[in-house]
């Protein structure tokens, strides 16, 4: 019955893409590693345009990068340095994972949609958590940063799995996350600016 619904496959692909893009907003490499692992073992299909994601070199590279990224966020000062580069990297990763779900659309619409929806989602979440981490450093002296880092890692893992196993739930969570992160991220940046301007 569901097969008769027009454009259903595109809707499901959009849900998966948004979920994966949201996951890269938490961590850049963990979602790519999970997708690479799942496609390597043929748990999920991968279009030939993105077969490199299913390759062993990509699996090993993203696995090493995932471990390095997770551990680096527990090192004071390094976590803030990473935030300056992970926002653009998350935008790229989110765009790639979103685009991997729309290989049939054609190059221009595929990547235009990926940059707007995938890259935009990833960049918003990544920027929001950068603001939350900066506020955590200002208010707790960095003691609360490990909690923020652990939350990001858990969020990336959960969202990645949900995007592939329950894409509708993942998409709903991604939208909720966008709203929450924007609200708390803005509050965090305002609090940080206020503390810097105070005598």
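Residue numbers (the numbering used here): 124 to 322.
Glycine included, every Cβ here is placed at the ideal spot set by N, Cα and C.
The model shown is predicted, which means the values in this text are computed figures rather than measured ones.
Is the number of C-beta pairs between the stretch 269-284 and the stretch 228-241 that are closer than 8 Å three or more? no
Could you spell out the range, first to last residue, of the alpha helix (DSSP H) harbouring residue 211? Position 88 of the chain shown, counted from the start, is the residue given in the question as residue 211. Segment 201-222, the alpha helix (DSSP H) holding residue 211.
Starting from residue 231, trace the alpha helix (DSSP H) both ways and give me its first and last residue. The residue you call residue 231 lines up with position 108 of the chain shown. Segment 230-236, the alpha helix (DSSP H) holding residue 231.
Status (buried if at least 16 other CB within 10 Å, exposed otherwise) for residue 172: Walking along the chain shown from the start, residue 172 turns up at place 49. Label assigned to residue 172: exposed.
Go ahead and label residue 125 buried or exposed: buried means 16 or more other beta carbons lie within 10 angstroms of its beta carbon, across all protein chains shown. Reading the chain shown from its first residue, position 2 is the one you call residue 125. Here the model assigns residue 125 a pLDDT of 46, short of 50, so the residue's position is not dependable, and the following value carries that caveat. Of the other Cβ atoms in all chains shown, fewer than 16 fall within 10 Å of the Cβ of residue 125; this residue is therefore exposed.
Of the residues 162, 217, 273 and 144, the one placed nearest residue 175, counting alpha carbons only: On the chain shown, residue 175 is found 52 positions in, with the first residue counted as 1. Cα-wise, what sits closest to residue 175 is 162.
Euclidean distance between Cα positions of residue 134 and residue 306: By 1-based counting over the chain shown, the position of residue 134 is 11. By 1-based counting over the chain shown, the position of residue 306 is 183. Spanning the two alpha carbons is a distance of roughly 27 Å.
Residue interval of the alpha helix (DSSP H) (run including residue 148): The residue labelled residue 148 in the question sits at position 25 within the chain shown. Start and end: 131-149.
Is the beta carbon of residue 184 sitting closer than 8 Å to the one on residue 217? Along the chain shown, read from residue 1 onward, the residue named residue 184 stands at position 61. Along the chain shown, read from residue 1 onward, the residue named residue 217 stands at position 94. No, Cβ-Cβ distance for residue 184 and residue 217 is not below 8 Å.
Status (buried if at least 16 other CB within 10 Å, exposed otherwise) for residue 197: On the chain shown, position 74 is the one that residue 197 refers to. Per the 10 Å Cβ criterion, exposed.
Straight-line gap, residue 250 to residue 210 (C-alpha atoms, nearest Å): The sequence position of residue 250 within the chain shown is 127, counting from 1. The sequence position of residue 210 within the chain shown is 87, counting from 1. Distance between the alpha carbons of residue 250 and residue 210 is about 6 Å.
Cα-Cα separation, residue 293 to residue 138: Position 170 of the chain shown, counting from 1, holds the residue named residue 293. Position 15 of the chain shown, counting from 1, holds the residue named residue 138. Each residue's Cα considered, the two are about 7 Å apart.
Check whether the stretch 252-270 touches the stretch 199-206, taking contact to mean three or more Cβ pairs, one atom from each stretch, closer than 8 Å. Counting Cβ pairs under 8 Å, three or more are found: they touch.
In whole angstroms, what is the alpha-carbon distance linking residue 220 and residue 265? Here the question's residue 220 lines up with position 97 in the chain shown. Here the question's residue 265 lines up with position 142 in the chain shown. Spanning the two alpha carbons is a distance of roughly 32 Å.
Could you work out which residue in 153, 212, 136 and 143 is closest to residue 182 when comparing CA atoms only? As a first step, residue 182 must be located in the chain shown, where it is residue number 59. Checked all of 153, 212, 136 and 143; the closest Cα to residue 182 is 153.
Are residue 241 and residue 177 close, meaning C-beta to C-beta below 8 Å? Translated into positions along the chain shown, residue 241 becomes position 118. Translated into positions along the chain shown, residue 177 becomes position 54. Against a cut-off of 8 Å, the Cβ pair of residue 177 and residue 241 comes out as no contact.
Cβ shell of residue 158 (< 8 Å), same chain only, five flanking positions each side left out: The count along the chain shown starts at 1 and reaches residue 158 at position 35. By the criterion of a C-beta distance shorter than 8 Å, residue 158 is surrounded in its chain by 143, 167, 176, 220, 223, 283 and 287, once the five residues flanking it on both sides are discounted.
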